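Here is the structure we will look at, set down as structure tokens.
There are 2 protein chains.
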Amino acid sequence: LVEAIELKKTYMLGKVPVEALRGVNLKVESGEFLAILGPSGSGKSTMLNMLGALDKPTSGKLLIDGIDIATLNDNQLSDLRRRVGFVFQFFNLIPRFTARENVELVMSIADVGKAERRKRAEELLEAVGLKDRMNHKPTELSGGQQQRVAIARALANNPKFLLMDEPTGNVDSKTAREIMNLIKRLNEERGVTIIMVTHDQHLAREAKRVVQMFDGVITSDVVNGEP
Amino acid sequence: LVEAIELKKTYMLGKVPVEALRGVNLKVESGEFLAILGPSGSGKSTMLNMLGALDKPTSGKLLIDGIDIATLNDNQLSDLRRRVGFVFQFFNLIPRFTARENVELVMSIADVGKAERRKRAEELLEAVGLKDRMNHKPTELSGGQQQRVAIARALANNPKFLLMDEPTGNVDSKTAREIMNLIKRLNEERGVTIIMVTHDQHLAREAKRVVQMFDGVITSDVVNGEP
Ligand SMILES: Nc1ncnc2c1ncn2[C@@H]1O[C@H](COP(=O)(O)OP(=O)(O)OP(=O)(O)O)[C@@H](O)[C@H]1O
Ligand SMILES: Nc1ncnc2c1ncn2[C@@H]1O[C@H](COP(=O)(O)OP(=O)(O)OP(=O)(O)O)[C@@H](O)[C@H]1O
Ligand SMILES: [Mg+2]
Ligand SMILES: [Mg+2]
Chain A
145 LVEAIELKKT YMLGKVPVEA LRGVNLKVES GEFLAILGPS GSGKSTMLNM
195 LGALDKPTSG KLLIDGIDIA TLNDNQLSDL RRRVGFVFQF FNLIPRFTAR
245 ENVELVMSIA DVGKAERRKR AEELLEAVGL KDRMNHKPTE LSGGQQQRVA
295 IARALANNPK FLLMDEPTGN VDSKTAREIM NLIKRLNEER GVTIIMVTHD
345 QHLAREAKRV VQMFDGVITS DVVNGEP
Chain B
145 LVEAIELKKT YMLGKVPVEA LRGVNLKVES GEFLAILGPS GSGKSTMLNM
195 LGALDKPTSG KLLIDGIDIA TLNDNQLSDL RRRVGFVFQF FNLIPRFTAR
245 ENVELVMSIA DVGKAERRKR AEELLEAVGL KDRMNHKPTE LSGGQQQRVA
295 IARALANNPK FLLMDEPTGN VDSKTAREIM NLIKRLNEER GVTIIMVTHD
345 QHLAREAKRV VQMFDGVITS DVVNGEP
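Heads up: the sequence lines are chains A and B, in that order.
Every number in my numbering is 144 more than the matching position in the first sequence, counting from 1.
Every number in my numbering is 144 more than the matching position in the second sequence, counting from 1.
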């Protein structure tokens, strides 16, 4: 599915280079469930942006299903991105649209009829516990509720590959439990490949594989259950 | 210091009322350290906005140092708000300013000289571990780094009263530990009154008192260490 080879990402801050990724190698097969742990500023979100082809690396290669994404044109890249579900660390919901519209919006690009869009959006919002908040706009929702709209939106196009940046960051332990159960069901019943960045060591243990990052490199990569 | 009497807050969503607070009574003495726990959507952030006089309740009273804030004019209200440090759940940093400028900005209203502002902003950012990221803008910082800028900014005017909405929500366990140690030091050494909303049950136990909320009301309020 996805292979990162010597990925580097350097941001230029004026004249000062900031090395967010300093040579990352990672191979993720279809159907895996991976957690990425690491201190604040270690490069986790940057890594996720690379794996989802949302941003270009400074050097190194990213292969998705064997194709080097550097060889794709813009149309091919946006086709690829549509197949990936992405939950950003700070949601990026569109403030003037309601929860239901934020979820429907993503579907409209994938040629789904209006009635079908609405029905699917309502099913997804119900699955994340927001049945009675569908007509609220992001500013009319609590932090945890916004987070759950972002998760429903990421599932809108039935992605086979899901990248989630702190999906339980702003929710209480009960809601976090529900979100984890949803994620595990998607992985085990539908074979969705999931990469989840988290700060929660307990939740990371529920993934099948745990990758640790530190200062822009991967420092460990173990299959869960093994010592 | 602060007393909430039968506080209610109802948002109108079109014609549909949403009762975020349904009658809350809370008394917080100077120097206390209080944690507020509760499920997503239970009214924690709304409660914090009321206590910091950032938003008006639908009914009920809020007394700060014995004064009913409904009797204050706009100038007196903004004077009051300056004495309160506020860490929002989603930071609200100003994107076009650097970390240092975001901290300095708050000080400029409180008549502090330019050189003094810069020095204080740098000290605060160093205290939260961001010595080498001062010239980054929010979009050039990781999630956890942005959270720490928001904490430094809340401390800029040396507040005696600090309201923090999930101060460790987006950070790793080591950074969360450092933030908690900073909060406890402010409370124990400087006598700062702190109200912290959190989803983390372990961190809540470190406060001196734990208030539980559910569906817009306070369901329990115990002093820590007692059963
Ligand atoms: N502007 C608004 N308009 C309508 N409803 C709102 C508005 N703001 C909040 N709400 C509703 O009020 C309730 C309380 O929201 P609040 O943000 O206080 O919850 P919270 O306890 O902080 O939750 P979380 O843990 O998810 O941050 C929620 O159910 C939310 O949907
Ligand atoms: N646009 C940018 N310009 C400059 N530096 C950046 C930019 N974006 C990120 N950085 C830096 O790159 C490093 C990695 O950031 P990243 O967001 O990947 O961290 P993270 O592991 O997700 O952290 P957190 O747990 O706090 O979310 C950080 O030190 C950050 O300051
Ligand atoms: Mg991040
Ligand atoms: Mg909240």
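Cβ atoms here follow ideal geometry from the backbone N, Cα and C, with glycine treated the same way.
Note that this is a predicted model, so its numbers are computed, not measured.
| message | By DSSP's criteria, T121 of chain A is part of a beta bridge. Which residues make up the other side? | response | Residue 121 of chain A cannot be examined here, being either before or after the span of chain A that is shown, 145 to 371.
| query | Which chain B residues sit within Cβ distance under 9 angstroms of V315 of chain A? | reply | P183, S184, H343
| request: Could you tell me whether the region 146-156 of chain A touches the region 190-207 of chain A, using the rule of 3 or more Cβ pairs below 8 angstroms? | output: Contact holds: three or more Cβ-Cβ distances are below 8 angstroms.
| Is the Cβ of D199 of chain A closer than 8 angstroms to any Cβ of chain B? | no
| request: Note down the Cα distance separating G314 of chain A from Q291 of chain A, rounded to an integer number of angstroms. | output: A small correction: the amino acid at residue 314 of chain A is Asn; Gly does not occupy that position in the sequence shown. Their Cα atoms are separated by approximately 7 angstroms.
| query | Could one say the Cβ of F230 of chain A lies closer than 8 angstroms to chain B's Cβ atoms, at least one of them? | reply | no
| task | Could you run through the region 278-292 of chain A and flag, in chain order, every residue whose CB is less than 7 angstroms away from some CB of chain B? | result | N279, H280, E284, S286, G287, G288, Q289
| task | On the DSSP bridge assignment, give the partners of G229 of chain A in chain order. | result | A:L306
| task | Determine the contact status of Q356 of chain B and G182 of chain B, defining contact as a CB-CB distance below 8 angstroms. | result | yes
| request: Taking only heavy atoms of ligand 2 into account, decide whether any of them is closer than 7 angstroms to the Cβ of T316 of chain B. | output: Looking at the sequence itself, residue 316 of chain B is Asp, so the reference to Thr does not match. D316 of chain B Cβ: within cutoff of ligand 2.
| field | Within 7 angstroms of chain B by C-beta, residues of the region 296-320 of chain A in sequence order | value | E310, G313, N314, V315, D316, S317, K318, T319
| said: Tell me the DSSP secondary structure of A271 of chain A in three-state form. | reply: helix
| field | Whole-Å CB distance - R244 of chain B paired with E266 of chain B, under 8 angstroms assumed | value | 7 angstroms
| said: I'd like to know if the region 275-294 of chain B and the region 178-198 of chain A are in contact, where contact means that at least 3 CB-CB pairs between them fall below 8 angstroms. | reply: In short, these stretches touch, since the Cβ pair count reaches three.
| query | Hey, would you say G196 of chain B sits closer than 8 angstroms to V247 of chain B, going by beta carbons? | reply | no
| message | For a test of your reading of the model: does the CB of L181 of chain A fall under 7 angstroms from any non-hydrogen atom of ligand 2? Yes or no. | response | no
| message | Using a Cβ-based criterion (distance less than 7 angstroms to any ligand heavy atom), does D382 of chain B qualify as near ligand 4? | response | Any property of residue 382 of chain B remains undetermined from this structure, which presents chain B solely from 145 to 371.
| query | So is V336 of chain A buried or exposed if we call it buried at 16+ other beta carbons inside 10 Å? | reply | buried
| query | What residues of chain B sit near F234 of chain A, judged by a beta carbon separation below 8 angstroms? | reply | F234, G287
| request: Output the boundary residues of the alpha helix (DSSP H) element that contains S189 of chain B. | output: 188-195
| said: Please return the same chain residues whose Cβ sits closer than 7 angstroms to the Cβ of V354 of chain B, not counting the five positions on each side in sequence. | reply: A179, L181, A348, V366, N368
| Residues of its chain near A102 of chain B, where Cβ-Cβ distance is below 6 angstroms and the 5 sequence neighbours each way are ignored | Any question about residue 102 of chain B goes unanswered here, given that chain B covers just 145 to 371.
| Are there 16 or more other CB atoms within 10 angstroms of the CB of D199 of chain A, so buried, or fewer, so exposed? | Burial check for D199 of chain A: the Cβ neighbour count within 10 Å stays below 16, so the residue is exposed.
| query | K205 of chain B lies in the beta strand (DSSP E); which residues open and close that run? | reply | 203-208
| query | Is L157 of chain A close to chain B, meaning its C-beta is less than 8 angstroms from at least one C-beta of that chain? | reply | Interface residue, yes.
| query | Looking at C-alpha atoms only, which residue of A:E176, A:R277, A:S186 is the closest neighbour of E163 of chain A? | reply | A:S186
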